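Notes to accompany the following structure.
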Amino acid sequence: MARITLAVTGSIASYKAADLVSNLKKQGHSVTVLMTQAATAFIQPLTLQVLSQNTVHLDVMQEPYPDKVNHIELGKETDLFIVVPATANTIAKLAQGLADNMVTSTALALPHYIPKLVAPAMNTKMYDHPATQTNLKTLETYGYSIIAPKESLLACGDVGRGALADLDTILQQIKEKLHEQTL
């Protein structure tokens with residue numbers, strides 16, 4: 001099965017990463033989790049470590065193996081890279097090629113042929129902002145596929161587009177990208 005690298009960023013929807021990891025493991029995939037510091041405020045790394053049965057990577061400056069550069073090696077060891085949930089901040093960093101944390105550094109170090117998915121989750125106003133929309137279009141030119149958010153009651157109490165796509169939708173997109181790789 002596939003080696004999937006899941007990047008979790010600082011959105012209230014971060015807790016849904018636990019279900020995603022669990023489902024991917026049940027399908028037989030190996031899952032490596034990267035987290036931004038903000039994501040750890042919403043879900044504990046230990047939760048994702050137990051579910052993935054792999055180390056959760058938090059700090060780009062932490063190098064567990066002296067003979068390897070961690071974020072480079074992680075990029076080499078993935079068959080699919082996905083950001084769930086993807087905040088406006090991380091989307092902007094990815095679009096601009098910034099590499100200031102484990103998620104963005106690993107993303108920038110990915111081989112060009114690795115399928116990349118982004119599932120945004122944020123307030124409607126943030127999602128619809130021209131900067132976010134421009135950044136998403138930029139990511140598409142870099143080979144990322146966007147898993148559109150759904151319209152729903154958001155954590156802030158607003159109703160609109162910006163809620164993380166349903167788990168089934170995300171799993172289907174992963175399945176399709178992995179199938180494309182085998183063709």
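When the letters of the sequence shown are read in order and numbered with UniProt numbering, they come out as residues 1 to 183. Think of the CB as a built atom: it goes at the ideal place given N, C-alpha and C, for glycine as much as any other residue. Please read these numbers as outputs of a predicted model, since none were measured by experiment.
For Gly-162, the enclosing beta strand (DSSP E) has its first and last residue at 159–163. In the structure shown, the three-state DSSP call for Glu-77 is coil. Inclusion of Leu-74 and Thr-5 in the CB contact set at 8 angstroms is warranted, their separation being smaller than that value.
In terms of Cα proximity to Gly-157, the closest of Ala-7, Pro-85, Ile-12 is Ile-12. Restricting attention to Tyr-65, Asn-89, Ile-114, the CA atom closest to the CA of Thr-134 is found in Asn-89. Proximity to Tyr-113 across His-71, Phe-81, Lys-150 peaks at Phe-81, based on C-alpha coordinates.
With 16 or more neighbouring CB atoms inside 10 Å of its own CB, Tyr-127 falls in the buried class. Non-local C-beta neighbours of Leu-108 in its own chain, meaning closer than 7 angstroms and more than five positions away in sequence, comprise Gly-97, Ala-99, ordered along the chain. Between the alpha carbons of Thr-104 and Val-83 lies a gap of roughly 10 angstroms. Listed in chain order, the alpha helix (DSSP H) elements of length 4 or more contained wholly in the region 105–171 are 124–128, 130–141. Counting along the chain, the unbroken beta strand (DSSP E) around Thr-32 starts and ends at 30–35. The DSSP-derived three-state label of Thr-5 is strand. The C-beta distance from Ile-91 to Ala-119 rounds to 10 angstroms, too long to meet the 8 angstroms contact threshold. Under a 10 Å Cβ-count criterion, Gln-173 is classified as buried, with 16 or more other Cβ atoms of the shown protein chains found around its own Cβ. The region 138–145 and the region 32–40 do not touch, with fewer than 3 CB-CB distances between them shorter than 8 angstroms. Sequence-distant partners of Pro-64 (beyond 5 residues in either direction) whose C-beta falls short of 7 angstroms from its own C-beta, in its chain, are Asn-70.
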